[in-house]
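For the sequence shown, UniProt numbering begins at 1 and goes up steadily by one. Yeah, the Cβ is synthetic: ideal placement off N, Cα and C, and Gly gets one too. Computed from a predicted model, the values in this text were never measured in an experiment. A quick write-up on the structure given underneath.
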Amino acid sequence: MVNLNTVEPRNGRDYYIALGLEGSANKLGVGVIKHPRLASMSGGDNSHNCEVEILSNIRDTYVTPPGEGFLPRDTARHHRNWVIRIIKQALEKAQIMDPRLDIDVICFTRGPGMGAPLHSVAIAARTCSLMWEVPLVGVNHCVGHIEMGREITKAKNPVVLYVSGGNTQVIAYSENRYRIFGETLDVAIGNCLDRFARTLKIPNAPSPGYNIEQLAKNCKNKDKLIELPYTVKGMDLSMSGILAYIDSLAKDLFRGNKKNKLIFDRETGEPKITVEDLCYSLQENLFAMLVEITERAMAHVNASQVLIVGGVGSNTRLQEMMGQMCKDRANGRVHATDERFCIDNGVMIAQAGLLQYRMGDYVKDLSETVVTQKFRTDEVYVSWRE
Numbered sequence: 001m002v003n004l005n006t007v008e009p010r011n012g013r014d015y016y017i018a019l020g021l022e023g024s025a026n027k028l029g030v031g032v033i034k035h036p037r038l039a040s041m042s043g044g045d046n047s048h049n050c051e052v053e054i055l056s057n058i059r060d061t062y063v064t065p066p067g068e069g070f071l072p073r074d075t076a077r078h079h080r081n082w083v084i085r086i087i088k089q090a091l092e093k094a095q096i097m098d099p100r101l102d103i104d105v106i107c108f109t110r111g112p113g114m115g116a117p118l119h120s121v122a123i124a125a126r127t128c129s130l131m132w133e134v135p136l137v138g139v140n141h142c143v144g145h146i147e148m149g150r151e152i153t154k155a156k157n158p159v160v161l162y163v164s165g166g167n168t169q170v171i172a173y174s175e176n177r178y179r180i181f182g183e184t185l186d187v188a189i190g191n192c193l194d195r196f197a198r199t200l201k202i203p204n205a206p207s208p209g210y211n212i213e214q215l216a217k218n219c220k221n222k223d224k225l226i227e228l229p230y231t232v233k234g235m236d237l238s239m240s241g242i243l244a245y246i247d248s249l250a251k252d253l254f255r256g257n258k259k260n261k262l263i264f265d266r267e268t269g270e271p272k273i274t275v276e277d278l279c280y281s282l283q284e285n286l287f288a289m290l291v292e293i294t295e296r297a298m299a300h301v302n303a304s305q306v307l308i309v310g311g312v313g314s315n316t317r318l319q320e321m322m323g324q325m326c327k328d329r330a331n332g333r334v335h336a337t338d339e340r341f342c343i344d345n346g347v348m349i350a351q352a353g354l355l356q357y358r359m360g361d362y363v364k365d366l367s368e369t370v371v372t373q374k375f376r377t378d379e380v381y382v383s384w385r386e
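Structure (structure tokens):
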């Protein structure tokens, strides 16, 4: 039986408080959460029903000009400049007066992600831990998304579709691991959307994927999809081909290359498609591939629920398409959260880290806090689930 009270709350309290720090990419997030101590006789898997109370959830994003991505060194500089201020804001909003006494554990993203930003946030976590004499937990970024999604939606043992700027995975839980059933063979879906947004030179605020979603909604030719590469290989998918192809179409459109008869009318020379058409067709093709591999995983594990996590998971069209697939299956249901929890944040790191801590799994030596850019979801032993 799972005992989520393996480590008791500090100072004889009947609740736990965790500080979470996230900085694996261009989002810097700090969150504070509270878990009640479970009754000593509580049995079964309570990891998706911790009655989490979110005391604060502060985030700041490093935004670059249109047409530009974010470099690791510049992103790390942003995190270093802002992390102390964001921690102070989060503690103030959570009404934490003395972190040395009030906080049970500090949780930080150990990987995967961009090396320099991860390192910047890990240094801040180590410093706070040493100053306040509070234990540390290094958290897998992907597991953080999953545990936050499970807690917010109360989904029980769903197939997880994890879609973000750096990851695209279809996951299901089995024997204390989040097993990867399918994934991208090249670029992640968020990276695909971000790179196409750079080609279009559309703003990076609030996010490139969100702005592509808005352009796609304004498409006036939704009954005429542009034919794009569609690459599904078993449970895996590839997105580099579709990105290269639609990039070339966009560049021909901007250059006015009238030799491309797919874009320009043979007789009039007027463009037949718009930027909105390109965004819509790209979304529809990418999301159809995701729905296909997710449904295969559901059939394999006999699941009826899907949980969508990661930044791209806040896309309403993806949720709509996944919902239609689930509706066509017996008792199917899709779960998703809004941008507060889909997009990288400190609360999700605090949630996963506090579950680890309550099972007695925390850092015993600072050598265990070295960050890693390659930290797969299925490397984590999920001790807090049955």
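The alpha helix (DSSP H) that contains G311, what's its start and end?
Premise fails: G311 is in no alpha helix (DSSP H) and is neither H nor E.
Do the stretch 73 to 91 and the stretch 134 to 143 make contact, defined as three or more Cβ pairs closer than 8 angstroms?
no
Less than 6 angstroms between C-beta atoms, sequence neighbours within five positions excluded: which residues of the same chain meet that for A94?
V32, L55 and S56
Whole-angstrom Cβ separation of G165 and G190, contact assumed at under 8 angstroms?
3 angstroms
So is E267 buried or exposed if we call it buried at 16+ other beta carbons inside 10 Å?
exposed
Helix, strand or coil at T75 according to DSSP, with G and I counted as helix
helix
Given L118 as reference, the closest of G29, A250 and E320 once Cα atoms are compared:
G29
Determine the closest residue to E22 out of Q356, I242 and M114, with distance taken between C-alpha atoms.
M114
Quick one, are the C-beta atoms of D159 and V301 less than 8 angstroms apart?
Here the sequence assigns Val to residue 159, which means Asp is not the residue at that position. Cβ distance < 8 angstroms, so V159 and V301 count as in contact.
Rounded to whole angstroms, what is the Cα-Cα separation between V291 and M97?
47 angstroms
Continuous beta strand (DSSP E) stretch holding G182: start and end:
R177 to E183
Which residue comes first and which comes last in the beta strand (DSSP E) that contains A172?
T168 to S174
So S120 is in the alpha helix (DSSP H); what residue range does that whole segment cover?
G115 to W132
Alpha-carbon to alpha-carbon, G111 and M359:
21 angstroms
Would you call A188 buried or exposed, if buried means 16 or more other Cβ atoms sit within 10 Å of its Cβ?
buried
What separation, rounded to the nearest whole angstrom, lies between the Cα atoms of R150 and C50?
10 angstroms
Distance between beta carbons of T109 and I349, contact taken as under 8 angstroms
6 angstroms
Beta-bridge pairing of C107 - partner residues as DSSP gives them:
G20 and V137
Per DSSP, D60 forms a beta bridge with which residues?
L28
Given a cut-off of 8 angstroms, decide if L286 and C192 are closer than it, judged by their beta-carbon atoms.
yes
Cβ of Q366 within 8 angstroms of Cβ of A18?
Looking at the sequence shown, residue 366 is not Gln but Leu. Their beta carbons are not under 8 angstroms apart, which means L366 does not touch A18 by this criterion.
Helix, strand or coil at S238 [DSSP, three-state]:
strand
Just confirm the distance between the C-beta atoms of A172 and A297, as a whole number of angstroms; I'd bet it's less than 8 angstroms.
6 angstroms
Looking only at DSSP bridge pairs, what is H335 linked to?
L307
Taking the alpha-carbon positions, what's the L317 to E213 distance?
As written in the sequence, residue 317 is Arg, which differs from the Leu given in the question. Each residue's Cα considered, the two are about 8 angstroms apart.
To the nearest angstrom, how far is it from the Cα of K272 to the Cα of D247?
17 angstroms
Where DSSP assigns a beta bridge to V160, which residues make up the other side?
I171 and L307
First and last residue of the alpha helix (DSSP H) that includes T231?
Note, T231: premise wrong, no alpha helix (DSSP H); beta strand (DSSP E) at T231 to K233.
Between which two residues does the alpha helix (DSSP H) holding Q95 run?
Segment: none, Q95 is in no alpha helix (DSSP H) and carries neither H nor E.
Taking only the alpha-carbon atoms, compute the straight-line gap between Y15 and F254 and give it to the nearest angstrom.
58 angstroms
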